[in-house]
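Using my numbering, the first residue of the sequence shown is number 130, and each one after it goes up by one.
A virtual CB, placed ideally from N, CA and C, is assigned to each residue, including glycine.
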Amino acid sequence: MNVLVIAEHDNAKLAGATLNTITAAQRFGGTVDVLVAGHNCRAVADAAAAVVGVARVRLADAPHYADQGAENLAALVVACAEGYRQILAPATTFGKNVAPRAAGLLDVGQLSEVVAIEDANTFVRPIYAGNGLATVRSNDTLNVVTVRTTAFEPAAASGGSASVEALVAGPDLGLSKLVERSLVKSERPELAAAKIVVSGGRGLGSGENFRQVLEPLADKLNAALGASRAAVDAGYVSNDLQVGQTGKIVAPQLYVAVGISGAIQHLAGMKDSKVIACVNKDPEAPIFQIADYGLVGDLFEVVPRIVAELG
C-alpha cells in the first residue's frame, strides 16, 4: 500500500509535524513517499530523505509554491495522487488549509484529526471536543487524512536514505497570492513542539499581568507560552498562543495551567499532556479534575513564590 505524506516546511526546514505524520503513515505497513513543494527548498527534500521510514521524496520546486498556497498545492497533490491509497497531512493550519481542497478535487471525503489507524479504511478520531472517540470506516478507494500530531511519536529525523525525485511543477493557477506574513519572533520554544508549556487564562486579568507573572515562570522552565481562548478573546495575548479546540493542540511533557478554569474547549487542546499542573483560586474549577498536581491559591502570590523557589 502506497502512502503519500504532504510535507509542511518553510522552504528551509522540515516542520516537526511532518515527522509525526510520517509515523502515522507507517502504520499502514506500505511504502511511504513524501511530497515537498516549495521554492529553493532542496534542503527540505534532503531532510525528508533522511527520515527513517521514507522510501522516496518527490520534490516540486517552483516560485508559485513558495508560499504554500492551498490552490496550487492542492492541484499538485491531485496530479500526484495516482498510485496512492492514502494521502496524509498534519492537522495543523497548513494541513487544514490544503487537505480539504485536495479531497474536494479528488471527489473523496476527508478524515480529520485522526488519532489512531486500525487498518486501511478504519480510523479513530475525537468528537465532542475530545470527550469521545469515534471509530469511522471509509468506503473511498483513496483516503485523504489529517493527522493529530500529538497522537503519534515523531519519526527519527536521521538514519534514512530515501531517493529524491524531481517533479514537473504544475501551473500557477493565480487564484490567490500572499500579500503579507507577520511572524512573531521569540526565543522561547515553539508552542506546538515544546516539551514544557506554561499557559495563562482569564484569571490573570490583563496582558500586563500576563507578562509580569507568567513570563518569568516560562523563562525559568524554558517553556513555551500558551493561553486559553478567554485570555485571547480578552486581548491579553495574540491568538497564535491559543491552546484548545479552536487553537493549537499540544501534548508536552509538562503543562502548567495558571488562572485557567478548564473549559471543555481548552481541555481538548492539552489533556494529552504527560503531566498537568495547575494553579487556581477556585477549588471547584474543572481543571482540577484532570490535573496531576493542583494548587488552590491566588496566582499573584503563588506564581512569584514558585519562580523564587526555582532560583
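Cα-Cα separation between residue i and residue j, rounded to whole angstroms
i	j	result
Ala191	Leu202	11 Å
Val385	Glu319	16 Å
Val297	Met399	41 Å
Val163	Pro381	26 Å
Pro283	Val180	10 Å
Ser402	Pro300	43 Å
Asp196	Gly167	7 Å
Thr147	Thr279	12 Å
Gly330	Gly158	43 Å
Ala99	Val372	Nothing can be reported for residue 99, as the shown portion of the chain is limited to 130 through 440.
Ala172	Asn140	8 Å
Thr222	Val379	14 Å
Val161	Ala189	17 Å
Arg230	Val274	12 Å
Ile256	Leu262	6 Å
Ala420	Ala295	49 Å
Ala360	Ile393	15 Å
Arg214	Ala249	8 Å
Pro412	Gly336	24 Å
Gln239	Asn272	7 Å
Start and end residues, beta strand (DSSP E) containing residue i
i	result
Asp369	Here Asp369 belongs to no beta strand (DSSP E), and DSSP marks it neither H nor E.
Ile246	Ala245 to Asp248
Thr251	Thr251 to Ile256
Asp190	Arg185 to Asp190
Gly329	Ile325 to Gly329
Ala347	Ala347 -> not in any beta strand (DSSP E); alpha helix (DSSP H) instead, spanning Glu344 to Leu350.
Leu133	Asn131 to Ile135
Gly423	Tyr422 to Val425
Leu383	Leu383 to Val387
Ile393	Here Ile393 belongs to no beta strand (DSSP E); instead the alpha helix (DSSP H) covers Ile393 to Met399.
Ile405	Val404 to Asn409
Boundaries of the alpha helix (DSSP H) in which residue i is found, first to last residue
i	result
Phe429	Leu428 to Leu439
Cys441	For residue 441 there is no data in the structure shown, the boundaries of the chain being 130 and 440.
Leu164	Segment Thr160 to Gly167 is the beta strand (DSSP E) holding Leu164; no alpha helix (DSSP H) there.
Pro219	Per DSSP, Pro219 belongs to no alpha helix (DSSP H); it is in the beta strand (DSSP E), Gln215 to Pro219.
Leu354	Here Leu354 belongs to no alpha helix (DSSP H); instead the beta strand (DSSP E) covers Ala353 to Ala356.
Asn226	Thr222 to Leu235
Ala149	According to the sequence displayed, residue 149 carries Asn and not Ala. First-last of the alpha helix (DSSP H) with Asn149: Gly145 to Gln155.
Val173	Arg171 to Ala178
Ile416	Ile416 to Ile419
Whole-number beta carbon distance between residue j and residue i, since they are thought to touch under 8 Å
i	j	result
Leu350	Ile389	Not quite, the Cβ-Cβ distance comes to about 17 Å (not below 8 Å), so this is no contact.
Ala291	Ala178	4 Å
Val186	Ala154	In fact, because the Cβ distance is near 13 Å, the residues do not count as touching under 8 Å.
Val404	Val432	That belief does not hold up - the Cβ atoms of Val404 and Val432 are roughly 18 Å apart, past 8 Å.
Val165	Ala174	5 Å
Segments of 4+ residues assigned as alpha helix (DSSP H) that fall wholly inside the region 263-321:
none
Take every Cβ of the region 196-210, pair it with every Cβ of the region 230-245, and state whether three or more of those distances are shorter than 8 Å.
yes
Check whether the region 337-352 touches the region 304-313, counting contact only when three or more Cβ pairs, one atom from each stretch, lie closer than 8 Å.
no
Okay, do the region 402-420 and the region 363-372 touch, 3+ Cβ pairs below 8 Å being the bar?
no
Is the region 217-227 in contact with the region 353-361, if contact means three or more CB pairs nearer than 8 Å?
no
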